[in-house]
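Novice: Oh and the sequence shown: position 72 is 80 in my numbering, straight run, nothing missing.
From the three backbone atoms N, C-alpha and C, an ideal C-beta is built for every residue, glycine too.
Please read all numbers here as calculations on a predicted model, not as lab measurements.
Can you keep this structure in mind? I'll have questions shortly.
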Amino acid sequence: MATLPDGAPIARLDQAAIGRCFMHVLAASAGAGHAHISNTARDYFHEAEDEWSESAFVYDAFMLRPSDAVAKWFGSQLAASYYLGCALEEFINEISYSAGENGPPSQGERVG
């Protein structure tokens, strides 16, 4: 899993729960006929009991300016950029190696 900044609030959150929150808000938005998902996020997550919860993160992702959400959850733009770089590297490695059980082809080996 990509490295999250030590001490940053985002590091304490359950990433799977964040994903579920996004899935729920999207489904609820379509069901309610809202024009924008942010309307649903505002309606459903406006009163999170814990301002440092997964649902509070989803709310902030839709309601705050990106720079303000990054400052609150990651601590700084630099920390968020580092996390993104690690996450993208992991994703690229996952899709590169998923082509075969034995990993990527060796240098000079034909593919296809």
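Could you tell me if A38 is buried or exposed, where buried requires 16 or more neighbouring beta carbons within 10 angstroms of its beta carbon?
Specialist: Translated into the one-based positions of the sequence shown, residue 38 becomes position 30. It counts as exposed.
Novice: Mind checking Y67: buried by the 16 CB within 10 Å criterion, or exposed?
Specialist: Locating residue 67 in the sequence shown gives position 59, where the first residue counts as 1. Classification for Y67: buried.
Novice: Can you tell me whether DSSP reads V30 as helix, strand or coil?
Specialist: Residue mapping note: residue 30 aligns to position 22 of the sequence shown, counting from 1. For clarity, residue 30 is Phe in the given sequence; the question names Val instead. Of the three classes helix, strand and coil, the one that applies to F30 here is helix, per DSSP.
Novice: Closer than 7 angstroms by C-beta to A36: which residues in its own chain qualify, once you throw out the five before and the five after it? Chain order, please.
Specialist: Numbered from its first residue, the sequence shown carries residue 36 at position 28. Excluding positions up to five away in sequence, the list reads T48, Y52.
Novice: Between H44 and chain C, is there a C-beta pair that is closer than 9 angstroms?
Specialist: Included in the structure is just one protein chain, with no chain C present.
Novice: If you drop the 5 nearest sequence neighbours on each side, which residues of the same chain put their C-beta closer than 8 angstroms to that of R50?
Specialist: To locate residue 50, count along the sequence shown from 1; it is residue 42. The residues are Y67, F70, M71.
Novice: Checking 9 angstroms against the spacing of the C-beta atoms, do I26 and E62 come in under that value?
Specialist: To locate residue 26, count along the sequence shown from 1; it is residue 18. To locate residue 62, count along the sequence shown from 1; it is residue 54. It is a contact, given that the beta carbons lie within the stated cut-off.
Novice: To the nearest angstrom, report how far apart A7 and S104 are at their CA atoms.
Specialist: The structure shown does not extend to residue 7, since the chain spans only 9 to 120, so no value can be given for it.
Novice: Rounded to whole angstroms, what is the Cα-Cα separation between W81 and L92?
Specialist: For this step, residue 81 is matched to residue 73 along the sequence shown. For this step, residue 92 is matched to residue 84 along the sequence shown. Distance between the alpha carbons of W81 and L92 is about 14 angstroms.
Novice: Which whole runs of the alpha helix (DSSP H) in the stretch 83-107 are 4 residues long or more, in chain order?
Specialist: Here the runs fully enclosed are 85-105.
Novice: Which residues in the same chain have their Cβ closer than 7 angstroms to the Cβ of L34, if we skip the five residues on either side of it in sequence?
Specialist: Within the sequence shown, residue 34 is the residue found at index 26, counting from 1. Within the same chain, L34 has close Cβ partners I45.
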